[in-house]
Each structure stands twice: as structure tokens, then as C-alpha cells.
Amino acid sequence: MESSSLKLAQGFLKDAQKASKSSWFSKPEWDIAAQYLDKAATAFKAARHYEEAADCYVKASDAYVQINAVYLAAKCVENAATLADTHIKDHEMAVAHYSRASDLYRSQGAAADKAAEMMESAAKVCEDIDTNRTIQLYDSALSIYENEDRGRFGVETFKRTIRYLLDKGRLSEAVDIQMRLSAVCEHVNNRFELNKSNLSAIIILLAFGDSVEAGKKLEEFGQDVAFTRSKEAAAAERLVQAYSDGDQDEYVRIASDQSVAFLDTTIARLAAKTRIPGARRLEPRANEKQAVHGGEHNVIGSDAPHIDNAGDDDDDLL
1 MESSSLKLAQ
11 GFLKDAQKAS
21 KSSWFSKPEW
31 DIAAQYLDKA
41 ATAFKAARHY
51 EEAADCYVKA
61 SDAYVQINAV
71 YLAAKCVENA
81 ATLADTHIKD
91 HEMAVAHYSR
101 ASDLYRSQGA
111 AADKAAEMME
121 SAAKVCEDID
131 TNRTIQLYDS
141 ALSIYENEDR
151 GRFGVETFKR
161 TIRYLLDKGR
171 LSEAVDIQMR
181 LSAVCEHVNN
191 RFELNKSNLS
201 AIIILLAFGD
211 SVEAGKKLEE
221 FGQDVAFTRS
231 KEAAAAERLV
241 QAYSDGDQDE
251 YVRIASDQSV
261 AFLDTTIARL
271 AAKTRIPGAR
281 RLEPRANEKQ
291 AVHGGEHNVI
301 GSDAPHIDNA
311 GDDDDDLL
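Residue numbers for the sequence shown, in the UniProt record's numbering: 1 to 318.
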């Protein structure tokens, strides 16, 4: 099967080369060349000659550009990117092809969502390799959604970007992206996501230790009457108050409330792990048994909370 596919691919490639040549009496027939190159790529892929397949997809893309078939050109180079990522394992090649596909899709005008999707795919390729580059690629995807007024379709990409930033401890940047998500939700009147996004921003700021900015944001969000009537607003206000009071017990209780628990998992986990500097230790929970041995109280129970000494740095915040 692979042998026959390889012969077929080589035949298509020869036909493509013939069609793309010019002579004294004829010009290159790019439409025919593009089709043969596309077929050659498919056959090389079936033969598991992935590098040759990717190369043919790129050449097919260039040929489609020659006849202004931009969408087909974008699709071909997207196929090349997928091969580079999943089979060739060449991350640089994958990012380059995804970026090229994004440019082509965006030039179509009506394919902005696909353009953003390509940049997100490029970001995913880099996630475990280069943090800064990953953030830049995610930001490019988000900017496409924003600039093309397609923000409502990019909500999940915003959330994925925020999760990545939080996982990497980039809290300040996570706040910025969270606020951009709030702006998008407000623009498209997505009240459900807006309320959750506002609460998430407060939680990140408090986790970052910036209670002053959290208070300012809460006041800013309070200009939105609809938000002030939401359960998310009530939770945000109580969290800020508990943090200001240095009441770790109350903070943890609020963090376990449904309005927080139903946020994105990473945000909910962040709220649960936030420690207030200088706060007293958590009191034992009611369902925890206590045993006294030699005058010392030992909390027994698998869910017993562990809180560092007041004022200690929390290097394990995330």
C-alpha cells in the first residue's frame, strides 16, 4: 500500500512540475499544478513520507496563491503545519506554517476565526517549549478576535490563555487578559460570562496580593448596576473585605461558595489556595476529629487544611 502510494505521489509530483514550467509558447498552469501538488501531498502522507507531504502542501499553497485561491492556499499550509507538529515533530516548522495559514485566512476577510485558530494552534505547539513565545502567539490570536469584532467566538481562547498564564505564575499578565475578556463580554452583552470574568479578575488580583487594585476594580465594576445585583458581585465584595480584614477563615469559606466554585477550574483553585499575609491560622473544621496526645492537639482527617505560618511567603500559590 505504502509503495503504491509513493509511486502515485511521485507521478503527481512530476505532473505538477510539468504544469508549473513556462516555455516560449506557454505560461505556467498554476491551477493544474496546485491540484497535482495537493494530490501528491495526500499520496506522500499515505505512504508515510511526511516531510515530502508537507513540502508538497506548501508548494500547493504557493500555487493556489498564484491563482488567487487564497482559502485553498491557507488550507494546504495548515495541513503542512499539522504534519510538522504531529509527525515530523519540527516545532519551528509547525509554528511558521500555522502563522502563514493565519495570514492567508485573515486576508480572506471572512475567515478571521480560522486565522485566530491558527495562531492558537501555534501557541499550543510552543506551550512546553517557550513560555514567552507562547504568550505572544496567544496574544496574537486574541488580538485577531478583538480587531475583527469576533470576540464572542474567542471566549474559550481567552480562558485558555489565562489558564496558561496562571499555570506559569504570570499573574499580572493574567489580570490584563482577564480584563480584556471582560471588555469583550461587555461589548457583546454576554452578561453571564461578564459577571464571571469580573469576579475572576478580583480573585487573581487578591492572589497577587494587590488588594488595593482589587478594591479599585470592584468599585469600577460597581458602575455596572446589573453586575452589582449578581451573586458574583456579592462574592467579590466579600472576598475583598475578608482579605482587607485579614480573615483567612472567611476567605476560604467564600472561596468554596458556588459562585467561585463554578468559575474556570484554575481560577477556583487559585482562590482556594490564596493566603492572606499576616492572617491567623485556619481554625479546625467542624467535621475534623481532634485527639490530644501528650498535651498537643493533633487534627485528624484527610481534608485537614495546611496553612503556612502567618506572613510566610507562599511559593506554592499556583
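Glycine is no exception: its CB is placed at the ideal position from the N, C-alpha and C atoms.
Here the structure is a predicted model, which is why all the values come from computation and not from measurement.
inquiry  = As a quick exercise: from D128, A96, T131, L137, pick the residue whose alpha carbon is nearest that of A116.
reply    = L137
ask   = Under the three-state reduction of DSSP, which class applies to V188: helix, strand or coil?
value = coil
Residue environment, L13, which counts as buried when at least 16 other CB atoms sit within 10 Å = Burial call: buried.
task = Could you name the residues of the same chain whose beta carbon sits closer than 8 Å to that of E296, not counting the 5 residues immediately before and after it, in chain order?
result = With a pLDDT of only 37 at E296, under the threshold of 50, the placement of this residue in the model should not be trusted; the figure read from the coordinates follows. Hits under 8 Å: none found.
request  = Helix, strand or coil for H49, going by three-state DSSP, please let me know.
outcome  = Assigned with DSSP and collapsed to three states, H49 falls in coil, not helix or strand.
query = E267 lies in the alpha helix (DSSP H); which residues open and close that run?
reply = Per the sequence presented here, residue 267 reads as Ile, with Glu not at that position. Run containing I267: 265-273, per the alpha helix (DSSP H) assignment.
task = Can you say whether E220 is buried or exposed, counting buried as having 16 or more other CB atoms within 10 angstroms of its CB?
result = exposed
message = Measuring straight from C-alpha to C-alpha, what distance separates T266 and L166?
response = 8 Å
query = When DSSP labels each residue in this structure, what does I135 get in the three-state scheme?
reply = helix
message = Does F262 come out as helix, strand or coil in the three-state DSSP assignment?
response = Coil.
ask   = In whole angstroms, what is the alpha-carbon distance linking E148 and Q248?
value = 43 Å
key: 8 Å Cβ cutoff met for A235 and V252   = no
request  = Return helix, strand or coil for R150, following the three-state DSSP convention.
outcome  = coil
Proximal residues to S200 (C-beta, below 6 Å), its chain only, five neighbours per side dropped = Q178, L263, I267
Length of the line joining the Cα atoms of L206 and V240 = 8 Å
ask   = Which full runs of the alpha helix (DSSP H) of 4+ residues lie inside the segment 17-96, going along the chain?
value = Counting only runs of 4+ residues, the alpha helix (DSSP H) found wholly inside the segment 17-96 occupies 30-46, 50-66, 70-83, in chain order.
ask   = What number of angstroms, rounded off, separates the C-alpha of R48 from the C-alpha of E2?
value = 7 Å
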